[in-house]
Every structure is written in C-alpha cells, then in structure tokens.
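Working notes, beginning with the structure itself.
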Amino acid sequence: MQYNSSEIEKKWQNYWKENDSFEPSEDFTLDKKYILSMFPFPSGRLHMGHVRNYSISDALARYHRQQGKNVLHPIGFDSFGMPAENAAIKNGSHPKGWTYDNIDYMKNEFYSLGFSFSRKREMATSDELYTKFEQSFIIDMYEKGLLYREKGMLNWCPNDQTVLANEQVVDGCCWRCDTPIEKKDMNQYYFKITQYSDELLDDLKELEKGWPKQVLTMQENWIGKSNGLAFDLLFDDTSLSILDNKFKSFDVFTTRPDTIYGVSYTALAPEHAIVTYMIENKLLSDAVIAEITKMKNTSSIDRQKVKEGIALGLNVVHPLTGKTVPVWIANFVLMDYGSGAVMAVPAHDDRDYDFAKKYDLPINAVIKAKDAESDVSKTAFTDAGVLFNSGEFDGLNSKKSQYNIIKMFEEKKIGAKTTNYKLKDWGVSRQRYWGAPIPFIHCEDCGLVMEKKENLPIALPDDVEINGEGSPLENHPTWKNCKCSQCGKEAVRETDTMDTFVQSSWYFLRFCASPETLEKAAFTKEEISYWMGVDHYVGGIEHAILHLLYARFFTKVFRDLGYLDFDEPFDKLLTQGMVLKDGTKMSKSKGNTVDPDAIIEKYGADTARLFILFAAPPTQELEWNDSAVEGSHKFIKRFFDRASNIVKTDTKPKIDHNSLNKEEKLARKKVYEALKRSEEVFKERYTFNTMIAGVMEAMNALNLQSNADVWSEGYWILASIMEPVIPHTCWDISMEYFSLNNLSKQEVVEEVFVEDSITLGVAINGKNRGEIEVTPQTSKDEILALAKEKVAKYLEGKTIIKEIVVPKKLVNLVIKG
RNA sequence: GCGGAUGUGGUGAAAUUGGUAUACACGCCAGACUUAGGAUCUGGUGCCGCAAGGCGUGGAGGUUCAAGUCCUCUCAUCCGCACCA
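Sequence positions in the first sequence follow this note's numbering and run 12 to 828.
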C-alpha cells in the first residue's frame with residue numbers, strides 16, 4: 012500500500028471526530044493533565060508559529076493520553092481586538108462577521124493538522140456567554156476595590172484612537188501600529204494590580220522549577236521593586252515666601268542613602284505639582300515657562316537623548332548638614348516614579364553627574380573605594396564603598412551606613428524606609444467597539460453605578476458604524492441609553508470596552524467548565540480544583556510580561572474573591588522559539604512566509620508536525636528548510652512502507668532474546684532505547700528532536716535484520732512513541748496491524764540492555780588511540796592487558812605511570828618519557 | 001548600562017552524572033536499479049595531509065588521568081528592560 016497522506020489523514024480526522032476521541036472524562040478521581048497552548052487571535056489563517064505551538068502541546072496531550080491520564084487539551088480564540096475593527100474600516104466588513112468567519116476557517120486548519128482538542132469546549136472570548144461571566148467578575152472586582160475609575164494622564168494612540176496600558180507602549184510607540192504615543196488627560200478604569208506587587212514578585216519563587224529563568228527575570232524587572240529612603244526636603248525661608256507658603260517641602264526617594272552627604276542639588280519632574288503651581292501663578296518668567304512647556308511636550312524618547320534642566324530659583328535645606336541646596340527642573344526626572352522629585356548626588360550617580368557637568372553644579376564626593384583615593388574628575392563613582400565627608404558616618408561602608416542613615420531619619424522622624432515599584436496599575440478602558448463592554452452606568456444622581464448582574468451580558472450592538480473616528484459605542488444613537496440600576500432614572504451606559512488582555516487573563520479557567528456547566532456558570536470550584544493548575548502551558552516568549560503577569564494577577568484576585576484556592580495558574584511554562592526563514596522571523600511584510608495549508612496539501616499534516624518537532628528543540632528558534640521538510644516526508648513514507656514487515660498481532664510479540672542474532676539484538680536494543688528516551692523527553696526534557704532521532708536509529712537498526720517478530724515488536728513500540736508526533740500515520744499502521752492495541756503505555760524490557768560484548772575506548776594521556784572488545788565478565792587486569800596490546804606501538808620506550816579503567820566506557824593509560 | 005540566553009562539521013543539531021566529540025537528519029560525493037526521474041536502495045562524507053600523523057566544540061588561561069561539560073578572564077551574536085533616583 013502506498014502512503015497517501017491526504018487519504019489517511021482525512022480518514023483519521025473523521026474517525027476522531029465521530030468517536031469524540033479527545034474529550035476529557037468528568038470523572039474527577041482520575042489522574043489529570045491539563046495541557047494548554049496560548050490561544051490564538053483569529054487573524055484569518057494559521058501561520059507556522061501556530062503550527063509549532065500546537066504541535067508541541069498536541070504531542071504532550073497525546074503522550075499523556077497514552078499514559079492513561081485524563082487529558083484536557085482545549086482550544087479557543089482570543090477574538091476581541093483591534094484588528095477586527097481595522098479590517099472593518101478597511102474593507103467594510105463587520106467585526107463580528109470577520110471574526111467568526113476567521114474562526115471557522117482556522118478551526119478547519121487546526122483539525123486538518125490532526126490536533127487532539129476537546130471540541131466540546133471550543134469557545135471564543137467574544138461569545139456573549141463569555142462576556143456575561145467576565146462582566147460579572149468585573150463587578151465583583153469593583154466591589155472589592157480592585158477596579159477603580161480615575162482621571163489621569165494616559166497613553167493615547169492617535170492612530171488606533173484609544174488608550175493603551177503602560178505595558179502596551181513600546182519605545183514610546185503603540186505596540187500594535189508603532190505610532191508615537193501622546194499623553195491625554197482622561198477618565199479611565201484601572202485594575203489595582205499594584206496591590207499585588209509584592210505577591211506577584213514573591214511567588215515567582217514558586218515558579219522557579221517550571222518556568223524559564225528568562226521569563227521570571229523579565230517579570231521581576233517589570234515589577235521593579237526597590238528599597239530605599241524617602242524623606243522631605245524643606246524649603247528655606249526665601250523659597251517659602253516665593254511659594255506663598257503653599258508648599259513647605261517636597262518628597263524625594265533614594266536607594267542610596269549612603270550618598271546623602273553628597274547632595275548638591277535637587278530636581279523636580281517638569282510635571283511636578285510645585286512646577287505647575289509656579290507656572291499657574293506666574294512665578295516664573297514667560298521664557299522659562301515656555302521652556303518647561305516644551306520639555307513637557309517632548310516625547311519620552313526624545314527626552315532621553317539630552318539632559319536638560321532649568322533652575323527654579325528655589326532652595327531647600329539639606330536635612331543633615333543644614334546647607335541650602337538649589338532646586339532644579341530636570342527632564343530626566345520621571346513624574347510617575349517615586350514622588351517625581353530626586354535628590355541629586357553627581358559624584359555617585361551617572362545621570363546626576365552629566366547634569367552637574369552641563370550646568371556647572373558642585374560635585375561633592377563622599378564615597379570612595381576601599382584603600383583608594385577618591386576620584387570623580389572624569390566620571391561618577393557609582394559603586395558601593397567607604398564613606399567620607401559624611402559626618403558621623405565617616406569610615407562606614409555603604410551597606411552599613413545605609414542601614415544607619417535610614418535608622419537615623421526614622422528616629423528623627425524626618426524620613427522613612429520606603430519601597431517603590433515600577434509596576435503601575437493596569438489601565439483597561441479602550442475607546443473601541445470590538446471588546447467587552449464595561450458593565451457600568453453613569454447616573455446623574457447616583458454617580459458611577461454597576462449594572463445589575465441579572466442584566467448581564469451587556470452585549471455589543473450589531474448596528475454600528477465603524478469609521479475609525481471616535482468610539483463607535485459613544486457614537487451609537489441609542490445603545491448607551493439605559494436606566495440607572497439604583498434609582499431607575501434615565502442614565503448613560505459606559506461606552507468604553509475592556510482591554511483584550513482581560514479576556515486572556517482567565518480563559519484557562521473557563522476551559523475547566525464542563526459542557527454541562529458552560530451555560531450556568533463560568534466554571535465550578537470543583538472543576539477548577541480538579542483541572543488547575545495548567546500542567547503544561549505552551550506559548551511564545553512575547554507574552555512573558557503582559558499576558559502572563561495579568562493572568563497571574565487574575566488568579567490571585569479570583570482566589571481572594573473565593574472562586575479558587577491556589578496562587579499560581581501555570582505550573583510549567585514552555586516558551587517556544589520563533590519560526591524563521593532565511594534567518595529572520597517569518598512575516599508577511601518580508602514575504603518569507605510558508606503557508607501551513609500548502610505544506611499540508613503537498614506533504615500532509617504529519618510531515619509538517621514531524622519536521623517542526625525534529626528540526627530543533629522547542630525552545631530554540633526554528634529555521635525553515637524546504638529540503639529538510641522533504642526529508643521528514645521521506646521518513647514517514649519509509650516508516651509506512653516498512654510496516655509491511657509486521658506480522659499482524661493484537662498483543663505485543665513475545666521474543667526469546669537469547670535466541671536472537673547480533674543484528675536482531677541490536678535492533679531490539681535500539682527500539683527500547685528509543686522508548687526510554689521518549690519517556691525522558693515527555694517528562695523532563697521536551698527535546699522531541701532527540702526522541703525522533705532515537706526512533707530513526709531504531710528504524711535503521713530494524714532494517715539491518717529480518718526477524719518478523721523483531722519487526723513487529725519494533726513497530727508496536729515505535730508507532731506508539733511516534734503517535735504524538737505523526738498521529739495519522741501511527742493510527743493507520745496501528746489499526747492495520749495491531750487493532751489499535753499498541754497506542755498505550757509501553758513497558759521497557761531490561762533484558763535487551765544486557766550486553767554480550769562491550770567496546771571500550773583505549774586512550775593514552777587522554778587521547779583516543781584504539782578500541783577493544785570485552786565482555787561484562789572481563790576482569791580489570793585482562794582489560795588492561797588487552798588495552799596495552801592494542802596500543803603497544805605507542806607504549807614503546809615509555810613508562811606507564813597510571814592506569815585508569817572506567818567500566819563500560821574506556822581505558823586511559825598515562826605515560827611518561 | 002542592567003538582566004537573560006546562545007556560540008560545536010557545508011547546514012539544522014546530538015553528547016543524562018566530566019569518560020571514545022559530531023548521534024539523527026539536511027546537503028554533497030559515489031554506486032545500484034531504472035520506464036534515465038527532483039523516485040527508491042547501498043556506501044562515503046569534521047578539518048589539514050599522499051601518508052604516517054596532526055588539529056579540532058568562539059578565544060585565552062586553569063583544575064583533572066580525562067573538559068563541549070567545571071572555574072577565571074575575554075570576544076561575538078540574539079532577546080528583554082532601560083534617565084526607575
């Protein structure tokens with residue numbers, strides 16, 4: 012029979028569909044595995060990155076199914092989001108129609124790749140049912156004080172006409188369309204993720220075993236915790252009167268209290284309240300005000316280029332020395348970190364140093380390296396060291412003095428130990444249509460009120476005009492009109508929708524809902540406790556911060572709301588590498604994409620899957636290679652053709668190992684080595700490439716012998732090992748020869764590893780010089796004798812000073828002369 | 001600047017605790033069969049050298065009987081963060 016991929020693959024895809032082959036059991040006493048790939052946005056078609064992502068999770072899912080585990084391997088679509096609206100603007104489609112057409116198309120692609128998803132749990136986050144439960148959670152979070160509305164300076168993307176979260180601003184530009192971000196003062200909803208800063212940071216420790224270090228570090232940096240001293244700088248009398256006593260002081264934060272005696276100026280962010288006050292009350296000249304305004308309007312990228320400052324003509328009093336210190340505005344001081352003001356120590360901070368050089372401010376060194384002279388004539392000395400010119404703290408090292416100085420500030424009640432975070436609250440409102448509406452109502456009398464839960468979902472209207480100008484919901488003639496949920500008066504619905512990251516922050520919990528639960532609840536606690544945490548979460552590293560941080564946050568929030576009782580959602584995280592072609596990421600704009608559909612049509616899904624898992628370990632980048640794809644296809648053909656050597660059987664053939672010849676024994680050994688390797692790979696290493704190589708070696712060894720039983724046993728095992736990778740081919744072979752009985756856990760047979768003869772390497776001074784054949788019984792002396800004989804010519808005229816025999820490995824003779 | 005990773009044949013990559021470096025594949029070369037095909041099968045293939053032999057895991061040192069693997073320094077590339085006080 013000839014290998015016909017499309018015939019075989021269609022046959023088995025139908026079989027799996029008709030038999031509900033991959034539906035998890037609702038029997039919660041079974042051992043479970045929850046295998047999840049990050050769900051896709053329904054962009055239209057699958058790309059190779061998707062194929063890689065799901066090939067990995069599908070292999071894991073199929074393996075654990077074979078091992079008898081109850082496996083949940085679901086698929087859904089992260090289906091809200093801007094591209095649907097952009098497509099609507101571009102070609103007049105409706106976001107909903109566009110989205111669901113894409114979902115249908117991509118689902119077909121998924122199933123034509125043979126992925127073993129639970130079909131009964133398919134969903135899309137734009138489904139009204141999903142919105143309904145999400146809105147309910149949002150209300151819970153608002154009641155808990157974890158969601159709030161506030162006016163603030165926000166990141167506004169003028170192209171997408173919407174607000175972006177800090178996390179969605181990349182190099183000062185929109186993460187989606189690269190347009191430079193503008194600042195806008197607006198009302199916006201925020202999740203209080205900062206309330207969980209410490210927990211999000213501390214619990215990273217729990218994840219050390221299962222998550223890549225890189226991701227943990229990225230999250231750690233993003234949260235950006237730093238400890239230090241916060242204290243007030245008091246204005247001197249002249250300054251007080253300039254400010255009309257409106258401000259007595261301002262707050263600064265430092266992580267280097269040990270440098271405090273080196274403070275020679277202080278700096279405020281241009282957005283600081285004191286600066287704003289001085290502008291509003293014309294306490295500065297028009298020229299200076301113009302300069303400050305210009306500074307404020309400079310984009311954050313440009314602001315990083317050159318340090319600029321303006322002296323304010325104010326002075327504060329140094330809290331320890333009592334000397335006056337000038338107050339400046341500096342463009343490098345950020346309003347949204349700490350208090351928006353800093354003490355400047357040019358001698359021991361690079362930024363302060365540059366600034367002081369530029370504006371000719373004093374540079375007072377107070378720290379020096381141990382046993383060295385202080386020198387800050389060329390650069391700042393930013394290391395820790397020993398204090399001098401620091402009053403009573405002279406001679407102490409940085410660490411010790413930091414502790415002492417903070418203690419002194421606290422005793423004098425002029426400052427306190429303080430912790431700062433880079434992490435900001437998560438702004439979630441978007442002024443767009445294709446998202447989940449925020450279920451709130453603005454009532455003239457009652458203010459901001461929540462919709463009643465029984466009225467959920469607050470669904471999107473279908474009849475909208477999407478033209479890229481303003482919020483379509485805001486512009487809709489009637490949608491926002493509603494009754495206040497408290498007083499019943501005419502009121503106005505919130506027209507902002509939620510960031511799509513809200514949906515992806517809990518979808519993995521939704522998948523736990525059984526088909527019976529689906530309509531009734533988001534999930535039940537019983538289902539969650541059974542299925543969570545996700546045993547294997549597979550996805551791209553690009554989600555290392557945003558999605559994974561938000562999902563962790565939601566898990567903790569849901570825990571505190573009583574919906575679940577664990578702290579972290581994802582036990583193991585596998586971050587797959589990118590798929591490259593010609594050395595760069597596949598992308599439409601570069602024109603170097605390979606269409607999965609075309610590969611499936613030409614070679615079949617199994618070939619695509621085999622190539623993708625064989626070409627590189629999953630965490631590494633994968634370079635697409637057409638001829639290697641061809642090679643994978645050839646292997647499958649060979650694997651299929653040589654199955655004709657099998658004798659049909661319903662049970663694994665029994666073989667008397669001792670009666671076999673050398674080639675037959677080797678073949679069996681290679682087969683079981685491959686089996687051992689596969690166990691390791693699926694349990695610990697995930698290097699599918701080495702597992703596949705092992706199977707290829709076993710195939711090569713089988714081909715060098717002709718014992719029908721050895722062939723049959725070999726295929727019994729190999730088809731089982733390969734089923735997670737090339738399922739269609741393996742099910743076909745298995746059905747034809749083994750009545751599908753071999754697709755289950757296989758036991759290793761140890762007898763095949765007992766060696767009749769062992770090859771030892773013989774080395775002289777560590778250099779390999781030959782090989783000898785011995786048996787397991789050969790004594791050490793005999794081995795040495797054989798070895799010396801083998802390499803006699805190298806030993807002539809030399810003295811052996813050491814003899815090392817490493818059992819089953821090698822002999823090393825150390826010689827001299 | 002800070003953090004994380006990676007560096008092995010012509011290419012993708014193996015090498016579990018230090019123990020015969022380059023498994024498996026792609027490519028290339030040769031041969032067989034042939035309906036002369038980009039099919040299939042068989043064999044060869046780290047580099048230099050006619051050979052003996054030498055050299056080889058980014059580079060330089062070190063530990064060891066033995067180092068891709070451990071230690072120190074260094075170079076290159078990629079990724080993330082970045083004026084975070």
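C-beta: ideal position from N, C-alpha, C; glycine also.
### Task
Taking Thr604 as the reference, give the member of His61, Asp31, Pro53, Trp517 with the closest Cα.
The shortest C-alpha separation from Thr604 is found at His61.
### Query
What is the C-beta distance between Leu621 and Ser638, in whole angstroms, given that I count them as a contact (C-beta under 8 Å)?
With a beta-carbon spacing of about 14 Å, Leu621 and Ser638 fall beyond the 8 Å limit used to define contacts.
### Val785 beta carbon less than 8 Å from that of Leu795
Against a cut-off of 8 Å, the Cβ pair of Val785 and Leu795 comes out as no contact.
### Task
Only counting runs of 3 or more residues, tell me where the beta strand (DSSP E) segments fall wholly within the region 351–378, in order along the chain.
Segments of the beta strand (DSSP E) lying fully in the region 351–378: 352–355.
### Task
Could you name each continuous alpha helix (DSSP H) segment of 4 residues or more that falls completely within the region 132–207, going from the start of the chain to the end?
139–154, all fully within the region 132–207.
### Message
According to DSSP, Arg696 sits in a beta bridge with which residue or residues?
### Response
Paired residues: none, contrary to the question.
### Message
Considering only DSSP beta bridges, list what Pro337 is partnered with.
### Response
Paired residue(s): Asn326.
### Task
Mind reading off the beta-carbon distance from Cys493 to Ile452? Whole number of angstroms is fine, and I expect it under 8 Å.
That pair is a contact at about 6 Å.
### Task
From the DSSP output, in three-state form, read off Glu766 for me.
Here Glu766 sits in coil by DSSP.
### Query
Smallest Cα separation from Tyr207: which of Lys433, Asp248, Met509?
In terms of Cα proximity to Tyr207, the closest of Lys433, Asp248, Met509 is Lys433.
### Query
How big is the Cα-Cα spacing for Ile321 and Asp371?
The straight-line gap from Cα to Cα measures roughly 12 Å.
### Query
What residue range is occupied by the uninterrupted alpha helix (DSSP H) comprising Cys741?
Where Cys741 is concerned, the enclosing alpha helix (DSSP H) starts and stops at 738–749.
### Query
Which residue spans inside the region 254–297 form an unbroken beta strand (DSSP E) run of at least 3?
Whole beta strand (DSSP E) segments, 3+ residues: 260–265, 276–279.
### Gly92 versus Phe366, Asp248, Val721, Asp171, residue with shortest Cα-Cα distance
Here the closest residue by C-alpha is Asp171.
### Query
Between Ser350 and Phe404, is the Cβ-Cβ spacing less than 8 Å?
No, Cβ-Cβ distance for Ser350 and Phe404 is not below 8 Å.
### Beta-bridge pairing of Arg653 - partner residues as DSSP gives them
The partner list for Arg653 (beta bridge, DSSP) is empty, contrary to what the question assumes.
### Message
Going by C-alpha to C-alpha distance, which of Arg73, Val397, Asp436 sits closest to Ile234?
### Response
Scanning Arg73, Val397, Asp436 for the CA closest to the CA of Ile234 turns up Asp436.
### Message
Rounded to whole angstroms, what is the Cα-Cα separation between Ala524 and Ser129?
### Response
Rounded to whole angstroms, Ala524 to Ser129 spans 12 Å at the Cα level.
### Query
Going by other Cβ atoms of all chains shown within 10 Å of its Cβ, with 16 needed for buried, is Met164 buried or exposed?
Its Cβ having fewer than 16 others within 10 Å, Met164 is exposed.
### Query
Is the beta carbon of Gln78 sitting closer than 8 Å to the one on Leu754?
Gln78 is not a Cβ neighbour of Leu754, given a cutoff of 8 Å.
### Message
Within a Cβ cutoff of 6 Å, which residues of the same chain sit near Arg132, ignoring the five residues on either side of it in sequence?
### Response
Counting only Cβ-Cβ distances below 6 Å, and skipping sequence neighbours, we find Pro85, Phe522.
### Task
Determine the direct distance from the alpha carbon of Trp445 to that of Asn97, and round the result to whole angstroms.
Each residue's alpha carbon lies about 10 Å from the other.
### Query
Pick from Lys756, Ile744, Leu557, Gln788: whose alpha carbon is nearest that of Lys80?
Among Lys756, Ile744, Leu557, Gln788, the Cα nearest to that of Lys80 is on Lys756.
### Message
Taking 7 Å as the limit between beta carbons, can you name the residues of its chain near Pro169, skipping five residues before and five after?
### Response
Contacts found: Thr190, Glu193.
### Task
Measure the alpha-carbon distance for Thr630 versus Tyr45 and round it to whole angstroms.
Their backbone Cα atoms lie some 20 Å apart in a straight line.
### Query
Would you report the Cα separation of Lys143 and Ser516, rounded to the nearest angstrom?
Between Lys143 and Ser516, the C-alpha separation is close to 15 Å.
### Message
For the beta strand (DSSP E) containing Glu231, name the first residue and the last one.
### Response
From DSSP, Glu231 is part of no beta strand (DSSP E) but of the alpha helix (DSSP H) over 224–234.
### Query
On the three-state DSSP scale, how would you describe Tyr432?
In this structure, Tyr432 counts as coil in the three-state DSSP scheme.
### Query
What are the start and end residues of the beta strand (DSSP E) that includes Gly551?
Boundaries of the beta strand (DSSP E) around Gly551: 547–551.
### Query
With Tyr272 and Trp339 assumed to form a contact (beta carbons below 8 Å), what rounded beta-carbon distance in angstroms separates them?
About 19 Å separates the two Cβ atoms, so there is no contact after all.
### Cβ shell of Tyr153 (< 7 Å), same chain only, five flanking positions each side left out
Taken in chain order, the residues that qualify are Met461.
### Task
Report the partner residues of Arg504 according to the DSSP bridge assignment.
Ile452, per the DSSP bridge assignment.
### Message
What does DSSP give as the partner residue(s) for Ser252 in the beta ladder?
### Response
Bridge partners of Ser252: none, in fact.
### Query
Which residues in the same chain have their Cβ closer than 8 Å to the Cβ of Gln24, if we skip the five residues on either side of it in sequence?
Hits under 8 Å: Tyr122, Ser123, Gly125, His739.
### Query
So, Phe564 versus Leu175, is the Cβ gap smaller than 8 Å?
No, these two residues do not count as a Cβ contact at 8 Å.
### Query
Taking buried to mean at least 16 other C-beta atoms within 10 Å of its own C-beta, is Glu724 buried or exposed?
Sixteen is the threshold: when 16 or more other Cβ atoms of the shown chains lie within 10 Å of the Cβ of Glu724, as they do, the residue is buried.
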